[in-house]
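Residue numbers for the sequence shown follow our numbering, so the first one is -6 and each next one is one higher.
Reading through the structure tokens given below for one structure.
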Amino acid sequence: MDITVPRLVSFSMSSTLDLSLGSRNLALRVDARDEVGGSGPGWAQVWMQQAPLSPLGPSQAIAIGLPGSADPLSDGSSSRVFPLSTATPPGVYSVYEVEVFDLAGNVRHYFESDLKAMGFNTSVTVTGGVADTTAPVLTGLVLPGVVDLSSGAQQLSFTAHAQDGEGGSGVAGVDLFFDRDFYLDTFTGPAVSIGGFVGGSDTFFDGTLNTAAYTGTLSAETALGTYNLLSAVVTDQSGNSTEYSAVQLALMGITTQFVVQDGTVQGAPPPSPSLVLGSAGLDEVKYAKASTEFTLRKSAGGFLATDGHGISDALVNVERVVFSDRTIGLDVDGNAGQAYRLYQAAFDRQPDLPGLGFWIASLDAGVALRDVASSFLGSPEYARLYGSGQSNQQFVTELYHNILHRDPKQAGLDFWVNALDNGAMRAQLLVDFSESPENMAQVIGTIEHGIAYIPF
């Protein structure tokens, strides 16, 4: 059995490439030997610190001399060229490792420092390339429609049409995000990637320009019902991307649902979400049913309100959804979100629904958030929690503990205490802490799909 490792004899690569006149080839060459009695050189893998961009996309790993290739390494020497796209950003692209394999799979590793010590060039300087900053666009999308699982697992496909800007690096893939998990032969989850890798069954790099498809088998274990597309993201080889909400897709004439059934339900799938488009000011959508009969989910362009039958409304620029039992505030960055965060900040608890409704109504009527904060600081609940006669230092320390859930750093504590000592209002300081990025990040997980309250 061959347990000896091969060795690198020489390594070379292009040192400079000017892409100002078009694509150029990065030339690489490897010479290797195996020990006496070994299986012989097999191939080499060159790993780059930064992924150069070829017309087929970025690649951090470049294989040289694979068995069966035009120039295998089995004779001890192999060369290959790696074409660089003109969208490759200018800069220095360095090798951090070369792996040399023999035909038995034994491998020896040569890192950048080893290669330099052996006197080999380990980098290429690229000039003249124009970095691709143009995001690709989605031009079409086809979902499965109706999938009948009455006879077991069924094949389904998702087809995307997309294109990149002139001179761009090319479309890499389209990712689709749904509102629930489904079970395919390759994975389980609420998302599908179309054409997102070179060498897949159908990518954006084959003969069907600007078109790719994902085809898989839907398991019979998949739950029956309607699967709503929440968003689609198209990405190019340079990492630029464009996200489309369900509403935007619907406006493009794209069906944003597919239905899984067991053969007992006939007919076409339900319609795509009905678009409800708000305008400036406060917009409400009213439903005669209870909130428990709907699900509300944030999507890229707004929210999706879906009933128990899988019928959805796409809500864009809508601030409130009024149900028979409660109202949901969708303006998590507006009055509803500010009132919720202020409750959490002042009292270190989630707000009671009627109280939250009162203060949201106050903000909607034009009351300043600082005035609401002043009312909170003067409330009996605040006095019970923190007592009266707090010093400025005690007040600021409580803000850190109750809002940010950490001890203050001395510099921050000194800054805010000094502000209060020089006339700043405690109510304004409470607002500043409540609306700070740190507090908003802590609260968003609770309110991102809407804020429930009882209207005043």
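Every residue, glycine too, gets a C-beta built ideally from N, C-alpha and C.
Looking at the secondary structure, which residues open and close the alpha helix (DSSP H) in which residue i lies?
{"i": "N432", "result": "430 to 440"}
{"i": "Q38", "result": "Note, Q38: premise wrong, no alpha helix (DSSP H); beta strand (DSSP E) at 34 to 41."}
{"i": "D345", "result": "From DSSP, D345 is part of no alpha helix (DSSP H); its letter is neither H nor E."}
{"i": "A243", "result": "239 to 244"}
{"i": "A155", "result": "Not the alpha helix (DSSP H): A155 falls in the beta strand (DSSP E), residues 147 to 156."}
{"i": "A376", "result": "373 to 379"}
{"i": "F426", "result": "419 to 427"}
{"i": "K109", "result": "105 to 110"}
{"i": "A358", "result": "No alpha helix (DSSP H) contains A358, which DSSP labels as neither H nor E."}
{"i": "N328", "result": "328 to 340"}
With 9 Å as the threshold, decide whether the Cβ of residue i is near any Cβ in chain D.
{"i": "I396", "result": "The structure shown contains no chain D; it is built from a single protein chain."}
Taking Cβ positions, are residue i and residue j nearer each other than 9 Å?
{"i": "T81", "j": "P45", "result": "yes"}
{"i": "S460", "j": "L242", "result": "Absent from the structure is residue 460, since the part of the chain shown begins at -6 and ends at 449."}
{"i": "A153", "j": "G188", "result": "yes"}
{"i": "T285", "j": "D318", "result": "yes"}
{"i": "F426", "j": "A354", "result": "no"}
{"i": "N203", "j": "V253", "result": "no"}
{"i": "L12", "j": "T120", "result": "yes"}
{"i": "S186", "j": "G161", "result": "no"}
{"i": "P183", "j": "V93", "result": "no"}
{"i": "F388", "j": "A339", "result": "no"}
{"i": "D172", "j": "L222", "result": "yes"}
{"i": "D141", "j": "Q147", "result": "yes"}
{"i": "A307", "j": "L297", "result": "yes"}
{"i": "A56", "j": "W36", "result": "yes"}
Could you spell out where the beta strand (DSSP E) holding residue i opens and where it closes?
{"i": "A20", "result": "17 to 26"}
{"i": "F175", "result": "164 to 176"}
{"i": "S5", "result": "0 to 6"}
{"i": "V29", "result": "From DSSP, V29 is part of no beta strand (DSSP E); its letter is neither H nor E."}
{"i": "V185", "result": "181 to 187"}
{"i": "N411", "result": "That residue, N411, is in no beta strand (DSSP E); its alpha helix (DSSP H) goes 403 to 414."}
Please determine, among the options, the residue with the shortest C-alpha to C-alpha distance to residue i.
{"i": "A239", "options": "L136, R22, A358", "result": "L136"}
{"i": "Q42", "options": "M6, D157, T115", "result": "T115"}
{"i": "G138", "options": "S234, Q38, F251", "result": "F251"}
{"i": "V325", "options": "T120, Y446, V164", "result": "Y446"}
{"i": "F151", "options": "I57, D168, T181, E236", "result": "D168"}
{"i": "N432", "options": "A417, H394, Q403, L413", "result": "H394"}
{"i": "G50", "options": "V140, D157, V424, A307", "result": "D157"}
{"i": "D27", "options": "D68, H398, G382, S143", "result": "D68"}
{"i": "G98", "options": "G382, D(-5), D357, I321", "result": "D(-5)"}
{"i": "S429", "options": "L397, E441, E391", "result": "L397"}
{"i": "P48", "options": "A420, G112, E236, V74", "result": "V74"}
{"i": "G303", "options": "L356, I321, T249, G348", "result": "T249"}
{"i": "A417", "options": "T439, N385, E391, T390", "result": "N385"}
{"i": "S143", "options": "A281, D357, E214", "result": "E214"}
{"i": "L423", "options": "N415, Q403, T439, T390", "result": "T390"}
How big is the Cα-Cα spacing for residue i and residue j?
{"i": "A434", "j": "D341", "result": "15 Å"}
{"i": "L378", "j": "A366", "result": "15 Å"}
{"i": "Y103", "j": "E90", "result": "6 Å"}
{"i": "A273", "j": "V309", "result": "11 Å"}
{"i": "I437", "j": "T208", "result": "36 Å"}
{"i": "P76", "j": "Q230", "result": "14 Å"}
{"i": "L335", "j": "F175", "result": "39 Å"}
{"i": "R101", "j": "D24", "result": "13 Å"}
{"i": "G193", "j": "S52", "result": "With a pLDDT of 43 at G193, under the threshold of 50, the predicted position of this residue should be treated as unreliable, and no value is reported."}
{"i": "A124", "j": "S5", "result": "26 Å"}
{"i": "L96", "j": "G31", "result": "9 Å"}
{"i": "T464", "j": "D255", "result": "No answer is possible for residue 464: the residues shown for the chain start at -6 and end at 449."}
{"i": "L275", "j": "G327", "result": "10 Å"}
{"i": "S16", "j": "K279", "result": "58 Å"}
{"i": "Q343", "j": "I444", "result": "11 Å"}
{"i": "V85", "j": "D64", "result": "27 Å"}
{"i": "G350", "j": "Q337", "result": "14 Å"}
{"i": "L323", "j": "V117", "result": "52 Å"}
{"i": "E441", "j": "P401", "result": "27 Å"}
{"i": "S292", "j": "G232", "result": "22 Å"}
{"i": "S72", "j": "Q38", "result": "12 Å"}
{"i": "R399", "j": "G371", "result": "24 Å"}
{"i": "S7", "j": "P60", "result": "24 Å"}
{"i": "W40", "j": "F113", "result": "15 Å"}
{"i": "G348", "j": "L392", "result": "21 Å"}
{"i": "A376", "j": "G382", "result": "10 Å"}
{"i": "S305", "j": "F170", "result": "16 Å"}
{"i": "W352", "j": "T127", "result": "44 Å"}
{"i": "V29", "j": "G58", "result": "20 Å"}
{"i": "D414", "j": "A358", "result": "32 Å"}
- Cβ pair count under 8 Å reaching 3, the region -1 to 9 against the region 101 to 113: yes
- At a cut of 8 Å, does the region 327 to 337 reach the region 355 to 373 through at least three beta carbon pairs? yes
- Query: Taking contact to mean at least 3 C-beta pairs separated by less than 8 Å, is the region 126 to 141 in contact with the region 15 to 25?
  - Reply: no
- How do the region 405 to 424 and the region 301 to 314 stand: do at least 3 beta-carbon pairs fall below 8 Å, yes or no? no
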